[in-house]
Amino acid sequence: MSHHPESREAGVGSESPNLDFAGTTPYEDYVHADVLAHLQHPLSDDPGEMAFLVTTQVMELWFTVIVHEWETAGRALREDRLPVAMDALKRSVRELEALNASWRPLSQLTPTEFNAYRAALGEGSGFQSAMYRRMEFLLGEKSSSMLVPHRGAPRVHAELEKALHQPSLYDEVLGFLARRGHAVPRAVLERDLSQRYEPSAEVEAVWTEIYSGDRDADLARLGEALTDVGELVWRWRNDHLVATRRAMGAKTGTGGSAGVAWLEKRAVKNVFPELWTARSRV
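Each residue of the sequence shown is one higher than the one before, counting from 1 in the UniProt record's numbering.
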């Protein structure tokens with residue numbers, strides 16, 4: 001029998017929570033908070049590095065759950081289960097909003113503040129994130145060269161290589177539209193899935209038809225859910241660009257990347273391109 005004073009207060013009929021456990025708490029067993037709280041190993045003496053490190057780790061967790069949602073949505077579309085796919089896409093929109101909010105702790109870093117611990121990053125760079133790469137692959141931004149940094153991690157490399165050759169979320173959407181009777185070109189449906197998705201005038205015409213009529217209201221809602229995703233990914237890329245500009249200007253990025261120039265090129269790209277261009281024709 002426990003002799004903790006808290007356990008006497010939390011007796012039968014008490015409104016107090018149970019505070020006495022034989023081992024770790026059920027909360028710890030489920031969340032592994034202690035593990036998470038000991039994954040930070042700053043490499044400089046600057047107190048600001050902790051915020052940079054934790055924020056980056058939080059972003060990685062959001063990448064993981066968003067990949068899960070988009071894979072769930074893609075699988076549901078392959079099985080013609082539109083409501084399940086829509087639920088996953090809507091959850092991912094809220095998660096993307098939270099991911100984008102993660103920029104706030106870093107959004108006003110000055111060059112002096114960033115330089116205080118930038119050397120600790122060494123050759124490290126965000127473009128080396130395997131989970132972010134899986135996000136990009138699911139958006140149709142395929143590139144075999146992006147597997148190269150992960151050759152030294154066989155499991156991660158194998159997962160990325162598998163994702164490279166699997167249908168993107170948009171590929172699954174277009175296959176679903178074809179099964180619903182829309183004229184998605186065979187060349188699009190049978191394309192090399194390891195290559196970057198390129199816009200198609202015929203796919204644009206499909207979305208124009210969907211948005212112009214009443215018979216495909218559920219497909220128009222799917223288009224809007226995807227547009228929400230595309231908008232938030234665009235905002236993510238722009239927030240990354242602005243934060244980088246403020247912290248380091250036009251200097252070469254960490255890991256030898258092109259820094260701002262590379263981010264600017266990414267920021268102008270539309271996710272699910274025909275969903276944006278079709279609007280001019282409706």
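Glycine included, each C-beta is placed from N, C-alpha and C at the ideal position.
Length of the line joining the Cα atoms of residue i and residue j
i    : j    : result
R279 : E231 : 14 Å
E123 : V206 : 44 Å
H157 : A267 : 26 Å
K162 : L19  : 46 Å
E71  : P42  : 33 Å
D171 : P47  : 45 Å
L96  : A225 : 12 Å
L164 : G175 : 18 Å
S16  : Y30  : 21 Å
L77  : A85  : 6 Å
D218 : W62  : 28 Å
A119 : V184 : 50 Å
E113 : S44  : 12 Å
S102 : V54  : 10 Å
M50  : P83  : 41 Å
R179 : K142 : 24 Å
S200 : Q40  : 45 Å
T277 : V271 : 11 Å
Residue burial classification, residue i (beta-carbon count within 10 angstroms, cutoff 16)
i           : result
R133        : buried
S2          : With a pLDDT of only 48 at S2, under 50, the local geometry of the prediction cannot be trusted, and no value is derived from it.
K265        : exposed
A37         : exposed
E204        : buried
Y27         : exposed
residue 284 : Because the chain here runs from 1 to 282, residue 284 falls outside it and cannot be looked at.
S168        : buried
P149        : buried
*Curious, which full-length alpha helix (DSSP H) runs of at least 4 residues does the stretch 84 to 133 contain?*
111 to 121
*State whether the stretch 131 to 142 contacts the stretch 57 to 69, with contact taken as three or more CB pairs (one from each stretch) at a distance under 8 Å.*
yes
*In chain order, which continuous runs of the alpha helix (DSSP H) of length 4 or greater are located wholly inside the stretch 124 to 183?*
As far as the stretch 124 to 183 is concerned, its whole alpha helix (DSSP H) runs of at least 4 residues are 130 to 138, 154 to 165 and 169 to 179.
_Touch test, the stretch 90 to 104 against the stretch 227 to 241, Cβ-Cβ under 8 Å, three pairs minimum_ = Enough Cβ pairs lie closer than 8 Å, so yes.
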